[in-house]
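One gets this note's numbering by counting positions in the sequence shown from 1 and adding 71 to each. Here's the structure, in structure tokens; my notes come after.
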Amino acid sequence: MLLYSGQEEENAPHTQGVALMLSKVARNALVGWESHESRIIKSSFKTKKERILMNIIQCYAPTNDSNDDSKDQFYERLQSIIEKCPRKDLSILMGDLNAKSEWTAPDLKISWGDMDWVRETKMEKDLQIYVHSTNWP
């Protein structure tokens, strides 16, 4: 099963859009999903723990050279979606955040490089951010 949020017009440019491909096990655990325009999709799954869901938020962030209004709208929407996830649930934010991250010694804190949205959002402080991997030229 493919959960998709993006351009649906036949001749639309192939820009933006996010998707999640679900296995049979994941499909059976799926409680529901929401499309948030073309850049964010949220899906919720049952877990083995009663009354605890796993929320997957898949996103594709605007790049730093995008206009400020579209970046502000994206991150405000993303923060709103995250804040609506109950704190007892496991919530995973993944996708292309267009971040350039680097680890700084000696305390191994993460630096977000030129991510200009970080200074204007409280997400960095409110979330326990873990970057699994990121690649950039």
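Just so you know, even glycine gets a beta-carbon here, dropped at the ideal spot from N, CA and C.
- Between ILE123 and ASP160, the gap from beta carbon to beta carbon is short of 7 Å.
- Counting other Cβ atoms within 10 Å of its Cβ, SER141 stays below 16 and is therefore classed as exposed.
- If you ignore the 5 residues before and after TRP104, its C-beta comes within less than 6 Å of the C-beta of LEU74 and SER114, all in its own chain and listed in chain order.
- The beta carbon of ALA97 is closer than 6 Å to none in its chain, skipping five residues each way along the sequence.
- When DSSP states are grouped into helix, strand and coil, LEU101 belongs to the strand group.
- C-alpha of LEU93 to C-alpha of PHE116: approximately 11 Å in a straight line.
- Within the DSSP secondary-structure output, ALA90 pairs in a beta bridge with TYR75.
- C-alpha of ASN82 to C-alpha of SER109: approximately 15 Å in a straight line.
- Short of 7 Å from the beta carbon of LEU91, and not among the five residues preceding or following it, lie these beta carbons of its own chain, in chain order: LEU74, ILE112, SER114, ILE127 and GLN129.
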